[in-house]
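In what follows, a structure is listed as structure tokens, so that the remarks can point back to it.
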Amino acid sequence: MKKIPTPSSPPRHLTSLDAFRGIAVMGVLGYHLLPNALPGGFLGVVLFLVLSGYLLTSHFLKEIKDTQTFQFRRYFWKRVKGIYPALLMVLAFSILYLTFFAPQLYTSAKVSGSVFSTLLLGNNWWQIATGSSYFAGLTPFTHLWYIGVIGQLYLLLPLLLFILHKYFPKKGQHVAILLGLTGISALLMGLLYNPQDITRVYYGTDTRAFGLLLGMVLAYLWPQHRLKEQLKPVARQLIDILGLVSLLAIIASFWWFHDHDSSLYHGGFLFFSLLACLNIAMLVHPGSDFNRWGNTRYWRFLGKHSYTLYLVQYPVMIFYESSVKNLANHLYLHALIEVLLILIVTVFIDGLLARKKTRQQRKIQLIVNTLLVLGATIVLAMPPKVAADTQKEELEQILKENASLNAQEVSSDTSSSTTANSTTATTSSSVEGTSDSTVATTTTTSSTTNPVDSPLATLAQTYSITVEQAEKAQSLPVTAVGDSVILAAAKPLKEVFPNLLLDGEVGRQLYNSAEVLQALANSGQLKETVILSLGTNGLFRQDHFDELMAVIGSTRQVYVITVRAPSVKAQNQINDLLKAQPSKYSNVHVIDWYSASNAHDDWFYDDGIHANKEGAIYYTKLVVDSILPPN
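See the structure below:
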């Protein structure tokens with residue numbers, strides 16, 4: 073068999089690209105650990121995509137130039153060795169940890185589907201199909217969507233380059249075709265963008281490919297092996313300036329952008345990819361001074377371990393934060409602890425996979441790795457039996473039942489006495505849990521003329537409000553828009569405010585609720601009193617709240633309810649932003665549920681976010697006292 077020549081010299085390793093990888097992984101880590109500080113850190117994955125496209129294409133072009141052929145088998149084997157060893161270790165550790173230390177998370181993590189879709193490089197499409205969301209951040213496997221995207225693009229890249237070189241003789245044609253595909257991918261992102269659910273465009277291989285494609289274009293236009301070290305002073309200074317400016321713009325983007333900014337999906341991601349291309353071009357040039365800034369032990373460490381750091385960070389954060397009750401009040405301390413844990417686990421896993429070992433060490437390494445993977449495989453085949461989580465099941469059932477109350481508006485001409493009678497019966501049974509005979513007695517006594525035993529008095533007593541408040545609440549038209557927190561208290565709220573129109577949805581974000589309010593306004597269902605229970609599911613900006621107020625207007629009275637969610641890192645920042653709104657809008661009032669409830673863990677289900685039956689009564693009382701203050 074004829075021996076295929078190898079390239080004359082392998083592509084040199086650039087420490088400056090280690091710094092680039094380090095910045096990318098620091099952005100992602102910062103976004104997950106401190107979303108209020110680095111709301112745009114998720115853009116780090118874009119840097120990885122662009123860099124992958126550039127390096128792989130550069131290698132392909134150099135190998136074609138030196139040997140007139142391309143070793144597909146060697147290429148794919150290197151990708152397998154690059155992706156799977158660390159991935160298998162992280163999956164194995166995650167599965168075993170879930171089994172022995174966090175069995176309650178095992179079911180919610182959808183372990184089997186997550187693992188097999190990841191190993192088959194299709195996790196992103198599996199998450200799209202199952203309705204998962206990267207921004208919900210609920211499982212230790214959520215971030216593995218990226219492995220699906222990059223794995224699929226790794227498979228397609230050499231095939232695309234092979235077709236280009238076989239059927240299109242000129243490199244200019246290659247660049248034109250790659251730019252055309254880049255435009256199609258970016259256009260698809262804009263066309264498929266849905267502000268109510270961005271999962272499809274965020275996870276889609278087709279809508280993410282433009283980052284890698286731009287990196288491929290850069291490899292054609294800026295071939296690493298043809299760059300010369302000797303430069304004129306003016307050219308060197310220009311490269312250094314462009315490198316520094318593009319780096320600062322990348323870092324600023326980590327602070328500036330928000331994951332739901334519509335501008336990102338209509339060209340923002342594409343522009344950021346171009347910034348990444350510019351920065352890479354300056355970093356790889358051997359004649360610049362800028363490419364020497366990353367030649368430190370710190371950047372080399374991050375560059376060497378960046379892939380494993382990415383894999384490890386999410387499982388460590390999920391496992392750690394699931395055991396912490398008050399994450400929001402000690403945010404930076406917990407973030408520091410998590411960083412240390414992530415680094416320790418990363419070094420440990422990469423140590424297990426290190427190649428420079430003695431023969432005896434390699435044997436031990438093989439045994440340990442095999443046992444880990446084998447143990448995880450056994451668990452997958454025979455998943456642990458998890459005891460029923462009665463509180464979680466009860467909450468899910470309540471949310472499901474209360475969702476049926478959405479947009480059920482009670483006619484405003486219903487008499488107060490009739491409404492009060494029916495509500496009192498419901499209150500007695502569903503809130504207080506009394507027997508049927510007690511309900512009958514309550515209903516009977518409600519028809520008497522004794523004011524102490526009247527339905528309004530009973531309602532007032534149940535919620536510790538005055539009879540006057542209860543009477544006013546019975547006839548007050550109210551519109552409430554919120555997330556699962558208000559859904560958990562929907563029945564008590566409807567009992568006190570029978571003319572309440574509720575629009576609640578699990579997982580709803582404040583920043584995409586303007587359309588909900590607009591739809592209610594268009595149908596004439598946005599009343600003069602509006603309750604907003606939003607913010608639990610993620611951080612928002614002032615301009616997002618301004619969008620809500622542009623729909624609501626200045627004549628309606630708006631009551632915003634603060635968030636009690638100790639496991640949500642941005643809880644305090646969200647509440648500070650909500651509390652600041654009355655200073656900007658005179659018709660906005662704050663219902664401080666956080667201050668009223670934070671010391672009462674007994675008012676909540678185990679998640680510390682949703683009010684239980686007792687907590688829902690206090691929640692409703694606070695709403696009544698805020699909207700209808702007692703005399």
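Per my numbering, the sequence shown starts with residue 73, numbered consecutively. Even glycine gets a Cβ: it sits at the ideal position worked out from N, Cα and C. All values derive from a computational prediction rather than experimental measurement.
Residue burial classification, residue i (beta-carbon count within 10 angstroms, cutoff 16)
| i | result |
| --- | --- |
| residue 306 | exposed |
| residue 397 | exposed |
| residue 563 | buried |
| residue 385 | buried |
| residue 440 | exposed |
| residue 675 | buried |
| residue 490 | Residue placement at residue 490 is poorly supported in this model, since its pLDDT is 36, which falls under 50; the coordinates are not used for a value here. |
| residue 665 | buried |
| residue 672 | exposed |
| residue 233 | buried |
| residue 227 | exposed |
| residue 304 | exposed |
| residue 405 | exposed |
| residue 125 | buried |
| residue 370 | exposed |
| residue 330 | buried |
| residue 686 | exposed |
| residue 719 | Residue coverage of the chain in this structure runs from 73 to 703, which leaves residue 719 outside it and unanswerable. |
| residue 154 | exposed |
| residue 352 | buried |
Neighbourhood of residue i by C-beta, 7 Å cutoff - its chain only, sequence neighbours within 5 removed
| i | result |
| --- | --- |
| residue 171 | 178, 451 and 456 |
| residue 693 | 535, 536 and 537 |
| residue 251 | 289 |
| residue 169 | 391 |
| residue 217 | 195, 196, 199, 206 and 275 |
| residue 507 | Its pLDDT being 34, under 50, residue 507 is placed unreliably in this model, and the coordinates cannot settle the point. |
| residue 498 | Because residue 498 sits at a pLDDT of 36, beneath the cut-off of 50, its placement in the model cannot be relied upon, and the following sentence gives the value as read from the coordinates. Within the same chain, residue 498 has close Cβ partners 567. |
| residue 492 | Low confidence applies to residue 492: its pLDDT is 40, below 50, so where it sits in the model is not reliable enough to give any reading. |
| residue 243 | 292 |
| residue 342 | 258 and 282 |
| residue 427 | none |
| residue 316 | 362 |
| residue 619 | 586 |
Identified DSSP bridge partners for residue i
| i | result |
| --- | --- |
| residue 661 | 631 |
| residue 676 | 683 |
| residue 449 | Partner(s): none; residue 449 has no beta bridge. |
| residue 575 | 553 |
| residue 603 | 552 and 631 |
Residue i beta carbon near the ligand SAM (any heavy atom closer than 6 Å)
| i | result |
| --- | --- |
| residue 283 | Among the ligands in the structure shown, none appear at all, so the ligand SAM cannot be discussed. |
Supposed contact pair residue j and residue i - C-beta distance, whole angstroms, cut 8 Å
| i | j | result |
| --- | --- | --- |
| residue 545 | residue 696 | 6 Å |
| residue 557 | residue 608 | 5 Å |
| residue 164 | residue 447 | 7 Å |
| residue 219 | residue 190 | 6 Å |
| residue 60 | residue 283 | Here the chain has residues from 73 to 703 only, and residue 60 is not among them. |
| residue 604 | residue 598 | Between residue 598 and residue 604 the Cβ distance is about 12 Å, and since that is not below 8 Å, they are no contact. |
| residue 95 | residue 322 | 7 Å |
| residue 211 | residue 181 | 4 Å |
| residue 157 | residue 642 | Not quite, the Cβ-Cβ distance comes to about 35 Å (not below 8 Å), so this is no contact. |
| residue 575 | residue 553 | 5 Å |
| residue 572 | residue 602 | Not confirmed; about 11 Å, so no contact. |
| residue 677 | residue 381 | Rounded, the Cβ-Cβ distance is 34 Å, inconsistent with contact. |
Cβ neighbours of residue i in the same chain (closer than 8 Å, five flanking residues each side left out)
| i | result |
| --- | --- |
| residue 267 | 332, 334, 584 and 587 |
| residue 337 | 261, 262, 265, 270 and 273 |
| residue 240 | 246 and 249 |
| residue 136 | 142 and 237 |
| residue 594 | none |
| residue 419 | 377 |
Other residues of its chain near residue i: CB distance less than 6 Å, five sequence neighbours each side excluded
| i | result |
| --- | --- |
| residue 128 | 229 |
| residue 610 | 581 |
| residue 297 | 134 |
| residue 121 | 283 and 284 |
| residue 93 | 375 and 378 |
| residue 103 | 110, 113 and 114 |
Min CB distance residue i to chain B below 7 Å
| i | result |
| --- | --- |
| residue 577 | The displayed structure is made up of one protein chain only, and chain B is not part of it. |
In chain order, which continuous runs of the alpha helix (DSSP H) of length 4 or greater are located wholly inside the region 309 to 359? 341 to 356
4-residue-minimum alpha helix (DSSP H) runs that sit fully inside the region 237 to 286, ordered along the chain: 243 to 264 and 271 to 275
Every unbroken alpha helix (DSSP H) inside the region 78 to 124 [4 residues or more]: 87 to 105
Contained alpha helix (DSSP H) runs [length at least 4] in the region 161 to 232, N- to C-terminal order: 175 to 180, 183 to 191 and 195 to 201
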